[in-house]
Ligand SMILES: Cc1cc2nc3c(=O)[nH]c(=O)nc-3n(C[C@H](O)[C@H](O)[C@H](O)COP(=O)(O)OP(=O)(O)OC[C@H]3O[C@@H](n4cnc5c(N)ncnc54)[C@H](O)[C@@H]3O)c2cc1C
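Numbering (my numbering), first residue to last: 97 to 320.
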């Protein structure tokens, strides 16, 4: 296992799996068990790497479980359940509109890297909200990917810092802004990932704006 600091309080763990590379669909998560902590059901962590990369999860340090994970050292090990979840598109052609807040970016990293590699014509739009610029996880990676792949656009929203460099928006993202930016992109499917409140507000906003429920996918990580 290797570790990398991505942003303040955000650590990536690079994992090697005793049973060989696990198979998964980008967007899925693994369930991690730390038996010394009082969470027998384990906790879920999205796979942040694409299948062609070393297996990675990216963790925001919060309570006991995530702090313990972030403090693991190379050579440490834990048990995990194979990947599961349904946070991925079944379409081959839709525009993927990805809305993230904070550590909610984790599954999109896997989806974006996998899609630009295997399906470079596909339209990808990422809308990413953070409190400050320093909190933007994978900032450099995302900028580089957007520069290299014209079909990927990245819109950063920053809620607690102003002024901002050109191209970033101050304030929270709203369903109206998203719909406006998506414009006439073909066949959009909307993915929402972050805190329960973020997911709930944008789901309601997009539904009210006329997005059908079967075009909305959600992954709620935690409440406040
Ligand atoms: C499907 C799924 C995928 C997930 N993927 C990831 C992932 O890729 N990376 C990741 O870090 N977490 C992910 N989570 C959340 C993860 O499972 C834990 O809930 C999280 O690490 C917090 O656990 P904890 O025991 O450390 O903190 P807790 O003791 O559960 O929480 C401490 C406090 O912080 C709040 N909180 C917890 N995490 C955050 C946060 N990141 N931002 C703001 N407030 C928070 C809690 O509501 C609580 O008030 C995922 C959850 C689900 C359900």
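Glycine is no exception: its CB is placed at the ideal position from the N, C-alpha and C atoms. Quick caveat: nothing in here was measured; it's all calculated off a predicted structure.
Expected contact under 8 Å - CB spacing of residue i and residue j to nearest Å
i: residue 274; j: residue 195; result: 7 Å
i: residue 154; j: residue 106; result: 6 Å
i: residue 142; j: residue 151; result: Going by Cβ atoms, the distance from residue 142 to residue 151 rounds to 12 Å, so no, they are not a contact pair.
i: residue 161; j: residue 129; result: With 8 Å as the limit, residue 161 and residue 129 do not qualify as a contact, their Cβ atoms being about 10 Å apart.
i: residue 221; j: residue 278; result: 6 Å
i: residue 181; j: residue 125; result: 5 Å
Coil, strand or helix - residue i by DSSP
i: residue 210; result: helix
i: residue 174; result: coil
i: residue 286; result: strand
i: residue 294; result: helix
i: residue 245; result: coil
i: residue 312; result: strand
i: residue 254; result: strand
i: residue 152; result: strand
i: residue 121; result: coil
i: residue 307; result: coil
i: residue 184; result: coil
i: residue 230; result: helix
i: residue 202; result: helix
i: residue 326; result: No answer is possible for residue 326: the residues shown for the chain start at 97 and end at 320.
Proximity to residue i [Cα-Cα], best of the options
i: residue 189; options: 142, 298, 284, 254; result: 284
i: residue 176; options: 136, 99, 158, 148; result: 136
i: residue 318; options: 132, 291, 304, 109; result: 291
i: residue 186; options: 293, 316, 116, 286; result: 286
i: residue 295; options: 243, 281, 312; result: 312
i: residue 120; options: 223, 147, 108; result: 147
i: residue 232; options: 167, 272, 251, 299; result: 251
i: residue 98; options: 158, 114, 166; result: 166
CB of residue i within 8 Å of CB of residue j, strictly
i: residue 227; j: residue 255; result: yes
i: residue 184; j: residue 199; result: no
i: residue 289; j: residue 204; result: yes
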